[in-house]
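So the structure is just underneath, and the comments pick up after that.
Protein chains: 2
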Amino acid sequence: MVKYHHSLDATFAALGDPTRRSILTTLQRGQASVTELVRPHKISMPAIMKHLGVLEQAGLISQQKIGRVRMCRLTVAPMQQAADWLSLYRVFWENQLDSLEKFLNQPQQEELDPCRKPSPRQPSSHKPRHRHS
Amino acid sequence: MVKYHHSLDATFAALGDPTRRSILTTLQRGQASVTELVRPHKISMPAIMKHLGVLEQAGLISQQKIGRVRMCRLTVAPMQQAADWLSLYRVFWENQLDSLEKFLNQPQQEELDPCRKPSPRQPSSHKPRHRHS
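Protein chains in written order, with the working numbering: chain S, 117 to 249; chain P, 117 to 249.
Next up, the structure:
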């Protein structure tokens, strides 16, 4: 359990940076060299190496040296674990959205006239009201 | 787009701490006072207030003072946004798992005897092999 917590800590912390998320998006299309990963970002090679180190420590990528080229590859398990953790809250937010939808769909009449006695449910279409003259 | 990035940064960074995730788990059951949130964690009131500040800044909770009691409540949008971002990778990890499953299910014969010529597909059930005597 501690290890699970620890890896979730590292995963979420690593994902909390736009450059690192962008690197992961690039690697989703397939493995890439460090030079290829530097190109789209306007940052130095040492800076990108630091980001790659954080991603590797979190287990989100693996690096392999092939000759003189360092290749990076996305690994799936930590991201799946993070998604699993967030999915525990899906029921909660779906309930909240349902409540919001119900609130927005309730007849406006009740909101405008809170002292009005409850009446049998009416369709929500707007009908012109008769004014007392 | 910049705002979306910014809020994802704050959301993932806030989720990268076990105490803050534990607070969110508690709040999933309903709103709670700060005193109720301190109880299960062996940390000081100032420390919990700091965590609540980070969660509030990320928009993951809202705080409201009712009389002398500060109540906290979970808000769903940022967590849903984080889940949406991770779900973009679902196709990738499902493909990887499919490949792994295919690899594990391929007939062991091919792995044991790589020089063997390809033969017509055979059922995977094990049949006793005749030994040359």
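Ideal Cβ positions, reconstructed from N, Cα and C, are used throughout, including at glycine.
These figures come from a predicted structure and were not determined experimentally.
Residues bridged to residue i (per DSSP)
i         : result
S:Leu-190 : S:Ile-177
P:Ala-148 : P:Cys-188
P:Ile-182 : P:Val-185
Proximity below 8 Å, CB of residue i to CB of residue j
i         : j         : result
S:Phe-128 : P:Leu-131 : yes
S:Leu-124 : S:Trp-201 : yes
P:Ile-177 : P:Leu-171 : yes
S:Gln-180 : S:Leu-168 : no
S:Val-192 : S:Ser-149 : no
S:Leu-143 : S:Arg-206 : no
S:Ser-203 : P:Ala-199 : yes
S:Gln-147 : S:Met-187 : yes
Simplified DSSP assignment, three categories, for residue i
i         : result
S:Ile-101 : This structure cannot speak to residue 101 of chain S, because chain S is shown only from 117 to 249.
P:Pro-223 : coil
P:Leu-204 : coil
S:Asp-214 : helix
S:Phe-128 : helix
S:Arg-136 : helix
P:Ser-123 : helix
S:His-246 : Per-residue confidence for S:His-246 stands at a pLDDT of 45, beneath the threshold of 50, marking its modelled position as unreliable; the derived number appears in the next sentence. If DSSP states are grouped into helix, strand and coil, S:His-246 belongs with coil.
Partners in chain A for residue i, counting only beta-carbon separations shorter than 7 Å
i         : result
S:Gln-144 : Protein chains in the displayed structure are S and P, and chain A is not among them.
beta-carbon residue i near the ligand MG non-hydrogen atom, thresh 7 Å
i         : result
S:Leu-131 : In the structure shown, the ligand MG is absent, as is every other ligand, since no ligand is present at all.
Could you run through the stretch 186-197 of chain S and flag, in chain order, every residue whose CB is less than 9 Å away from some CB of chain P? Cβ contacts with chain P come from Leu-190, Thr-191, Val-192, Ala-193, Met-195 and Gln-196.
Please list the residues of the stretch 166-178 of chain P that have a C-beta atom closer than 8 Å to any C-beta atom in chain S, keeping them in chain order. The residues in question: there are none.
Residues in the stretch 120-134 of chain P with C-beta within 9 Å of chain S's C-beta atoms, listed in sequence order? Across the stretch 120-134 of chain P, CB contacts with chain S closer than 9 Å involve His-121, His-122, Leu-124, Asp-125, Ala-126, Thr-127, Phe-128, Ala-129, Ala-130, Leu-131, Gly-132, Asp-133 and Pro-134, in sequence order along the chain.
Scan the stretch 147-163 of chain P for residues whose Cβ lies nearer than 7 Å to a Cβ of chain S and list them as they occur along the chain. Among the residues of the stretch 147-163 of chain P, none has a Cβ less than 7 Å away from any Cβ of chain S.
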